[in-house]
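First residue of the sequence shown: 12, per the working numbering; consecutive thereafter. No residue lacks a Cβ here, since even glycine has one placed at the ideal position from N, Cα and C. What follows is a single structure, written as structure tokens, with notes after it.
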Amino acid sequence: MPEVERRAQILDAVERLLGRGGLEAVTMREVAAEAGVSLRLVQYYGKSKDELLTAALERMADASVRRWHARGEERSRDSATPEGSVLSRVRAFLDEALPTDEAGRAFHRVGVSLELLTITRPSAAAESYRAHLGALADHLAAILRTDPRIDAAQARRLASEVMALAHGLGSLLMAGQLTPSDARALLDGYVDRLRPRLSD
12 MPEVERRAQI
22 LDAVERLLGR
32 GGLEAVTMRE
42 VAAEAGVSLR
52 LVQYYGKSKD
62 ELLTAALERM
72 ADASVRRWHA
82 RGEERSRDSA
92 TPEGSVLSRV
102 RAFLDEALPT
112 DEAGRAFHRV
122 GVSLELLTIT
132 RPSAAAESYR
142 AHLGALADHL
152 AAILRTDPRI
162 DAAQARRLAS
172 EVMALAHGLG
182 SLLMAGQLTP
192 SDARALLDGY
202 VDRLRPRLSD
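So, in structure tokens, the structure goes:
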């Protein structure tokens with residue numbers, strides 16, 4: 012099997028384990044068993060659990076951002092104004108962040124697990140997650156800055172606000188406190204309140 016495909020096979024196994032059981036489910040031996048390969052082969056692609064977690068996080072984050080961009084582009088095509096385009100892209104991010112399908116739930120579980128890791132002990136995976144959050148905030152802020160009425164400081168604050176809402180709603184949804192329709196209704200209300208801040 013080509014090296015790229017073998018690496019993908021191993022990272023697929025890491026993602027499945029994370030999605031089912033969080034960080035504690037991921038060990039080098041469990042990854043080998045899940046992937047159906049030898050422990051030695053797993054160690055070739057990742058010398059430690061942290062290396063495997065970091066690689067899996069980066070791949071999952073990239074996939075999530077691609078899905079978000081696809082939603083945003085679709086919404087922007089349906090929008091008649093630049094302001095609407097910004098709002099559409101923000102709403103696309105919020106929609107993508109809601110864990111309403113298996114991929115979204117798995118990614119949210121990974122995020123919560125890595126947050127705990129970031130809080131409790133330094134590691135390469137924790138640093139990678141912190142960098143992912145920073146890059147996401149930068150990207151959201153850049154989108155918000157395309158509205159000429161939003162300055163850099165406002166954009167950064169709004170980006171943090173949007174991320175906090177997305178994470179909080181996602182956790183409440185995963186915990187069964189909200190239904191998907193409840194969460195979407197809250198997003199509708201937030202976007203309605205956000206609109207004047209982007210168009211005044």
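In terms of CA proximity to K58, M39 leads the group M39, R195, A44, L144. Contact between A67 and E26 holds: their C-beta atoms lie close to 5 Å from each other, under 8 Å. In this structure, the alpha-carbon of L151 lies about 11 Å from that of L144. The alpha carbon of L109 has as its nearest neighbour, out of G200, L189, P13, T157, the alpha carbon of L189. R141 is classed as exposed because its beta carbon has fewer than 16 other beta carbons within 10 Å across all chains shown.
Ranking V15, L155, A186 by CA distance to the CA of H119 puts A186 first.
With fewer than 16 other Cβ atoms inside 10 Å of its own Cβ, V15 counts as exposed. DSSP, reduced to helix, strand and coil, places T38 outside both helices and strands of the structure shown, so it counts as coil. Nearest neighbour of M71 by Cα position, chosen from D23, D193, M174, turns out to be D23. The alpha-carbon separation between L197 and R17 amounts to approximately 42 Å. DSSP places S59 in the coil class of the three-state scheme, outside both helix and strand.
Contact between the segment 201-210 and the segment 125-134 is absent, with fewer than three C-beta pairs closer than 8 Å. R116 is not a Cβ neighbour of A103, given a cutoff of 9 Å. In this structure, the CA atom of V123 is about 20 Å from the CA atom of R78. The straight-line gap separating the alpha-carbon atoms of M174 and G32 is approximately 24 Å. D158 counts as buried, since at least 16 other C-beta atoms from the protein chains shown sit within 10 angstroms of its C-beta. Of all alpha-carbon atoms in L63, I21, L98, L50, the one lying nearest the alpha-carbon of G200 is that of L98. The three-state reading of DSSP puts D158 in coil, since its state is none of H, G, I, E or B. By the Cβ-count criterion, G30 is buried, with 16 or more other Cβ atoms from all chains shown falling within 10 Å of its own Cβ. Rounded to whole angstroms, E45 and A19 show a C-alpha spacing of 13 Å. Looking at the backbone, the Cα of D61 and that of D106 are separated by about 30 Å.
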